[in-house]
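As you go down the protein sequences, you meet chains A and B in turn. Remember, our numbering sits 199 above the position in the first sequence when you count from 1. Remember, our numbering sits 28 above the position in the second sequence when you count from 1. Quick reminder that beta carbons are idealized off the backbone N, C-alpha and C, glycines included. Since the model is a prediction, treat every value here as computed from it, not as a measurement.
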Amino acid sequence: MDWGWVFGNIGELASLAARNLYLAMIPVVLGLLIAVPLGVLSVRWGWVYPPVLSATSVIYAIPSLALFVFLIPFTGVVGTTRDLTLIIPLTLYTLATLVPNVVDGLRSVPEPVRQSATAMGFGGLRRLVRVELPIATPVVFAGLRVATVASISLVSVGELIGNGGLGFLFTDGEQRSFPTEIYAGIGLIVILALAADLLLVLLRWLATPWLRSGRRAAPTPGQTA
Amino acid sequence: MTKRYPGSAAPALNALELEIPDGQTMVLVGPSGCGKTTSLRMINRMIDPTEGKIFLDDQDIQQVDPAKLRRGIGYVIQHAGLFPHRTIEDNIGTVPVLIGWGKQKARRRARELMDLVGLDTDMARRYPHQLSGGQQQRVGVARALAADPPVLLMDEPFSAVDPIVRTSLQDELLRLQAELRKTVVFVTHDVEEAIKVGDRVAVFRPGGTLAQVDPPSRLLARPLDDYVAGFLGFDRGIRRLSFFPARTLQLDADPLVPDRTTVAEARTRAKESGQPWLLVTDPQRLPRGWVPIAKLGELPVTRTLAEAPFEAGAHTFRVATDSLRAALDATILSPSGQAAGVDEAGRVLGVTSYDQLLIAIRAMTAGAGHEPGGEGEPA
Numbered sequence: 200m201d202w203g204w205v206f207g208n209i210g211e212l213a214s215l216a217a218r219n220l221y222l223a224m225i226p227v228v229l230g231l232l233i234a235v236p237l238g239v240l241s242v243r244w245g246w247v248y249p250p251v252l253s254a255t256s257v258i259y260a261i262p263s264l265a266l267f268v269f270l271i272p273f274t275g276v277v278g279t280t281r282d283l284t285l286i287i288p289l290t291l292y293t294l295a296t297l298v299p300n301v302v303d304g305l306r307s308v309p310e311p312v313r314q315s316a317t318a319m320g321f322g323g324l325r326r327l328v329r330v331e332l333p334i335a336t337p338v339v340f341a342g343l344r345v346a347t348v349a350s351i352s353l354v355s356v357g358e359l360i361g362n363g364g365l366g367f368l369f370t371d372g373e374q375r376s377f378p379t380e381i382y383a384g385i386g387l388i389v390i391l392a393l394a395a396d397l398l399l400v401l402l403r404w405l406a407t408p409w410l411r412s413g414r415r416a417a418p419t420p421g422q423t424a
Numbered sequence: 029m030t031k032r033y034p035g036s037a038a039p040a041l042n043a044l045e046l047e048i049p050d051g052q053t054m055v056l057v058g059p060s061g062c063g064k065t066t067s068l069r070m071i072n073r074m075i076d077p078t079e080g081k082i083f084l085d086d087q088d089i090q091q092v093d094p095a096k097l098r099r100g101i102g103y104v105i106q107h108a109g110l111f112p113h114r115t116i117e118d119n120i121g122t123v124p125v126l127i128g129w130g131k132q133k134a135r136r137r138a139r140e141l142m143d144l145v146g147l148d149t150d151m152a153r154r155y156p157h158q159l160s161g162g163q164q165q166r167v168g169v170a171r172a173l174a175a176d177p178p179v180l181l182m183d184e185p186f187s188a189v190d191p192i193v194r195t196s197l198q199d200e201l202l203r204l205q206a207e208l209r210k211t212v213v214f215v216t217h218d219v220e221e222a223i224k225v226g227d228r229v230a231v232f233r234p235g236g237t238l239a240q241v242d243p244p245s246r247l248l249a250r251p252l253d254d255y256v257a258g259f260l261g262f263d264r265g266i267r268r269l270s271f272f273p274a275r276t277l278q279l280d281a282d283p284l285v286p287d288r289t290t291v292a293e294a295r296t297r298a299k300e301s302g303q304p305w306l307l308v309t310d311p312q313r314l315p316r317g318w319v320p321i322a323k324l325g326e327l328p329v330t331r332t333l334a335e336a337p338f339e340a341g342a343h344t345f346r347v348a349t350d351s352l353r354a355a356l357d358a359t360i361l362s363p364s365g366q367a368a369g370v371d372e373a374g375r376v377l378g379v380t381s382y383d384q385l386l387i388a389i390r391a392m393t394a395g396a397g398h399e400p401g402g403e404g405e406p407a
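In structure tokens, the structure reads:
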């Protein structure tokens with residue numbers, strides 16, 4: 200491990216890492232925007248869910264390289280749309296984890312809660328936004344964490360079409376027979392994944408104050424019920 | 029009204045007709061699957077009838093937008109159904125916020141209601157999972173009352189809590205109802221609960237028809253048929269005593285002796301009044317226990333009764349608020365066959381006996397023509 204090289208190229212490494220993060224996070228955000236409505240529809244009309252689930256799983260099984268090759272005629276490997284060649288497949292991959300998590304999250308809303316919301320005069324949309332989605336948040340976040348880490352790691356495959364963020368270090372290190380570069384790439388991907396995961400844990404903590412407070416407090420004296 | 033579900037030949041509710049008077053508690057009771065919850069949910073249009081109409085005041089509720097209708101009807105369910113992601117005050121303020129009160133006003137109202145239902149306002153900022161089941165149910169009641177709706181629907185609200193908490197929640201409801209006079213529709217499968225909380229009780233038959241609608245006392249005295257009698261269970265006569273006040277009992281002060289009385293004096297007192305048992309009281313006139321005269325013979329005459337071997341724990345009933353049922357129960361449990369009637373502070377006013385109870389019960393039976401109509405005080 201040649202630490203001198205690492206410190207000498209720190210600026211270049213940082214910009215590769217930033218690019219890797221960008222290419223990984225856009226698909227996660229887009230994936231969430233698609234997964235929420237799909238999940239809502241799947242919960243509302245149960246018959247929607249099995250085909251949606253099969254579709255997302257089948258897509259997940261398609262090798263990324265095959266999807267790149269399929270997209271290249273449309274979005275290319277150079278020019279303004281070249282990022283889409285990578286972003287579109289990665290977005291589709293996140294759906295395989297995000298859709299089931301949105302569905303499970305919405306299904307975790309207790310029936311009495313749903314009923315009492317309706318009985319108090321919440322319309323369907325208001326109930327979804329104010330009651331069901333907030334309660335689903337923790338489960339959705341669990342899916343986001345998996346999707347994010349997977350996405351950060353998958354970006355490097357994009358190097359096969361010349362757009363792979365930190366993946367550049369693997370091919371370049373291989374060609375130059377310079378293992379330090381490969382190790383640096385691995386190390387940075389791991390650091391990036393851990394940092395993103397930590398950030399999501401923090402976000403979840405901020406978004407779900409009701410899960411922070413301890414369990415049942417000691418009963419107040421004189422309070423029998 | 030009638031409700032049929034697709035795929036089921038028999039209707040869930042069959043030509044039900046029920047009038048619910050303003051400001052009273054109507055209990056719907058019956059075995060599971062008898063349509064009582066279905067009926068309740070038709071009132072706020074959670075379920076729509078297949079045939080028939082429901083009027084709230086003079087308004088046909090089918091003509092009202094369901095969301096608007098529901099904001100004017102409080103709803104309490106078995107597991108409270110509180111929003112886990114909202115604090116207690118925001119849970120209670122749900123409907124006020126929906127109808128546009130603004131958050132601050134809704135929170136002030138929430139605290140008022142916490143007081144009303146007997147919750148410490150320190151809990152306002154807590155989340156539902158930090159409260160016990162009974163406390164959550166109180167929050168559920170407060171939430172239903174928040175926008176001061178004239179009508180309150182309660183679907184087995186106290187079924188999921190333990191018996192002690194259930195009793196205290198029922199008492200709380202009776203107290204609230206005496207104060208607020210809402211029109212309450214209360215569903216339960218527990219006939220004891222129905223009799224305790226209802227001004228009127230509607231007994232449902234399996235198959236979604238009504239068997240009888242009457243005030244609880246009348247229901248106990250005169251079930252219309254074997255089904256209702258069987259549903260009410262045994263002990264109907266004894267349970268009916270709950271609706272007649274103990275204050276009609278004649279109380280006898282003769283057996284009362286202060287604990288500073290000597291054995292010699294006590295014997296004289298007993299001989300004069302012909303009492304086989306004496307009730308020993310302390311200087312505040314709180315009951316200490318019963319002493320049998322027979323036992324006094326074994327004691328030195330100069331001793332005071334404070335040292336006598338009395339049977340501790342006199343069985344008492346509150347004269348002002350208890351029912352004949354409580355008085356009878358205390359009498360049965362008492363070693364002397366007499367029970368001490370006490371005032372609000374627990375001081376003995378006098379004792380009653382089987383003879384006195386018999387007189388009161390006979391008077392009650394004779395007066396059965398005018399029913400107490402649920403106005404009595406259930407014990």
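Exercise. Taking the C-alpha atoms as reference points, what is the distance between T284 (chain A) and V389 (chain A)?
Worked result: 24 Å
Exercise. Which value, in whole angstroms, describes the spacing of the CA atoms of A265 (chain A) and I385 (chain A)?
Worked result: 24 Å
Problem set entry | CB contact below 7 Å: W409 (chain A) versus chain B | yes
Problem set entry | Residue environment, L393 (chain A), which counts as buried when at least 16 other CB atoms sit within 10 Å | exposed
Exercise. What residues match up with I105 (chain B) in a beta bridge as DSSP calls it?
Worked result: B:D183
Exercise. Can you tell me whether DSSP reads T216 (chain B) as helix, strand or coil?
Worked result: strand
Exercise. P9 (chain B): which of B:A355, B:V193, B:A230 and B:V256 sits nearest, CA to CA?
Worked result: Here chain B comprises residues numbered 29 to 407, so residue 9 (chain B) is not present and cannot be evaluated.
Problem set entry | Residue range of the unbroken beta strand (DSSP E) whose run includes A230 (chain B) | R228 to R233
For this session: For G421 (chain A), I'd like the list of residues in its chain whose CB is within less than 7 Å of its CB, leaving aside the five on either flank, ordered along the chain.
Result: A caution first: G421 (chain A) carries a pLDDT of 40, below 50, which makes its placement in the model too unreliable to give a value.
Exercise. Taking the continuous alpha helix (DSSP H) assigned at P286 (chain B), which residues delimit it?
Worked result: From DSSP, P286 (chain B) is part of no alpha helix (DSSP H) but of the beta strand (DSSP E) over L284 to P286.
Exercise. Taking Cβ positions, are Y248 (chain A) and A295 (chain A) nearer each other than 7 Å?
Worked result: no
Exercise. Would a check of beta-carbon distances place R98 (chain B) closer than 7 Å to chain A?
Worked result: yes
Problem set entry | Contact check, F345 (chain B) vs V319 (chain B), beta carbons under 7 Å | Taking 7 Å as the Cβ cut-off, F345 (chain B) and V319 (chain B) do not qualify as a contacting pair.
Exercise. Just reading off the alpha helix (DSSP H) that V7 (chain B) is part of, what are its end residues?
Worked result: The structure shown does not extend to residue 7 (chain B), since chain B spans only 29 to 407, so no value can be given for it.
For this session: Identify whether M54 (chain B) lies in helix, strand or coil by the three-state DSSP scheme.
Result: strand
For this session: Count the other CB atoms, across all protein chains shown, that sit within 10 Å of the CB of E335 (chain B); report buried if there are 16 or more and exposed otherwise.
Result: exposed
Exercise. Based on Cα-Cα distance, which residue from B:L386, B:R275 and B:G58 lies nearest to A348 (chain B)?
Worked result: B:R275
Exercise. Checking contacts by CB at 7 Å: is A40 (chain B) closer than that to chain A?
Worked result: With its beta carbon at least 7 Å from every one in chain A, A40 (chain B) lies outside the interface.
For this session: Report all residues from its chain with a CB closer than 7 Å to the CB of G323 (chain A); omit the five preceding and five following residues, and keep chain order.
Result: Counting only Cβ-Cβ distances below 7 Å, and skipping sequence neighbours, we find nothing.
For this session: Determine the extent of the alpha helix (DSSP H) in which W404 (chain A) is found, giving its start and end residues.
Result: P378 to A406
For this session: Confirm, please, whether the CB-CB distance from L84 (chain B) to K236 (chain B) is below 7 Å.
Result: Checking the sequence shown, residue 236 (chain B) turns out to be Gly, not Lys. The answer is no: Cβ separation not under 7 Å.
Problem set entry | As assigned by DSSP and simplified to three states, the class of R154 (chain B) | coil
Problem set entry | Min CB distance L279 (chain B) to chain A below 7 Å | no
Exercise. At which residues does the alpha helix (DSSP H) containing D242 (chain B) begin and terminate?
Worked result: Careful: D242 (chain B) lies outside any alpha helix (DSSP H), inside the beta strand (DSSP E) at T237 to D242.
Problem set entry | Distance CB(R390 (chain B))-CB(G320 (chain A)) smaller than 7 Å | no
Problem set entry | the region 178 to 193 of chain B in contact with the region 88 to 103 of chain B per 3-pair CB rule at 8 Å | yes
Exercise. What are the boundary residues of the alpha helix (DSSP H) that includes W204 (chain A)?
Worked result: W202 to G207
Problem set entry | Option nearest S364 (chain B) by Cα separation, candidates B:V370, B:I321, B:T393 and B:G325 | B:I321
For this session: For V370 (chain B), count neighbouring C-beta atoms within 10 Å of its own C-beta (all shown protein chains included) and say buried if the count is 16 or more, exposed if not.
Result: buried
Problem set entry | Contact under 7 Å by Cβ, L283 (chain B) with Q312 (chain B) | The sequence given here has Pro at residue 283 (chain B), not Leu. No, they are not a contact pair.
Problem set entry | chain B contact residues for A318 (chain A), given Cβ-Cβ distances below 7 Å | N72, M74, R98 and Y103
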